[in-house]
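Student: Provided herewith is a single structure, encoded as structure tokens, for subsequent inquiry.
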Amino acid sequence: MTAIEEQILDCFPSGSYALSSLLRLVDIVEDRQVPTAAVECRVQPRLLINPDFVNCHANTPERLLMLVMHELHHVLLGHTTLFKTVTKTDNFVFDCVINALISRMFSHDEHLSFLTDFYSDKIFPECLLRPPTRWNGNVVKTLPPGIQALPKKQLAAVAEVYRSLY
964 MTAIEEQILD CFPSGSYALS SLLRLVDIVE DRQVPTAAVE CRVQPRLLIN PDFVNCHANT
1024 PERLLMLVMH ELHHVLLGHT TLFKTVTKTD NFVFDCVINA LISRMFSHDE HLSFLTDFYS
1084 DKIFPECLLR PPTRWNGNVV KTLPPGIQAL PKKQLAAVAE VYRSLY
């Protein structure tokens, strides 16, 4: 077992449903060619994970858990098998939904910091990939600056989408 495999398995809470799904991935491969992490779209998917990204951005068990859970949800939600081709837009939407799901599952700051430190709340549409600052895990009290800066015609629709996510 590689060091990254041990780190990943150790970051999961015991008794987690996700652990058995992860173990079905079988192959956890260190790959510096992927910028962050990715699940290969194959019958037997592999988790490709960049150890440099882990050391820089997922350097606590909680942050690593968020990274792995994000990739694992691509498998659990069928993104690796249901779609023949996935566009960048498709993947962005998948990522928004997955990040919202895992944010609700792990709503403590030490987990959320993986998303809130990596994605800016000032840039649209990037801000859709993260929960709001000082989020209580339930209600969006303040929209991210990246959404607030949108033209009035777009603001209401985007705010509704964001509040539906978080």
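Using the numbering used here, the letters of the sequence shown correspond one by one to residues 964 to 1129. Note that the Cβ used here is the ideal one computed from N, Cα and C, for glycine as well.
1. Excluding the 5 residues preceding and the 5 following L1027 in the sequence, name in chain order all residues of the same chain whose CB lies nearer than 7 Å to its CB.
2. Quick check on H1033: buried or exposed, where buried means 16 or more other Cβ atoms within 10 Å of its Cβ?
3. What residue ranges within the region 997-1028 form continuous alpha helix (DSSP H) runs of no fewer than 4 residues, ordered along the chain?
4. List the DSSP bridge partners of I991.
5. Under the rule that 16 or more other beta-carbon atoms within 10 Å means buried, what is V1121, buried or exposed?
6. Counting Cβ pairs closer than 8 Å, one from the region 1102-1116 and one from the region 1058-1066, do we hit at least three?
7. Can the beta-carbon of I967 be found less than 9 Å from the beta-carbon of P1014?
8. From which residue to which residue does the alpha helix (DSSP H) around P1108 run?
9. One question on the structure: do P1095 and Y1129 come within less than 9 Å of each other, judged by their Cβ atoms?
10. Can you tell me whether C1090 is buried or exposed? The criterion is at least 16 other CB atoms within 10 Å of its CB, across all chains shown.
11. Just list the beta strand (DSSP E) runs in the region 1052-1082, keeping only unbroken ones of 3 residues or longer that don't cross its boundaries, in chain order.
Tutor: Concretely, from the data shown:
1. Q970, I971, C974, V1017, A1021
2. buried
3. 1014-1020
4. L1010
5. buried
6. no
7. yes
8. 1108-1111
9. yes
10. buried
11. none
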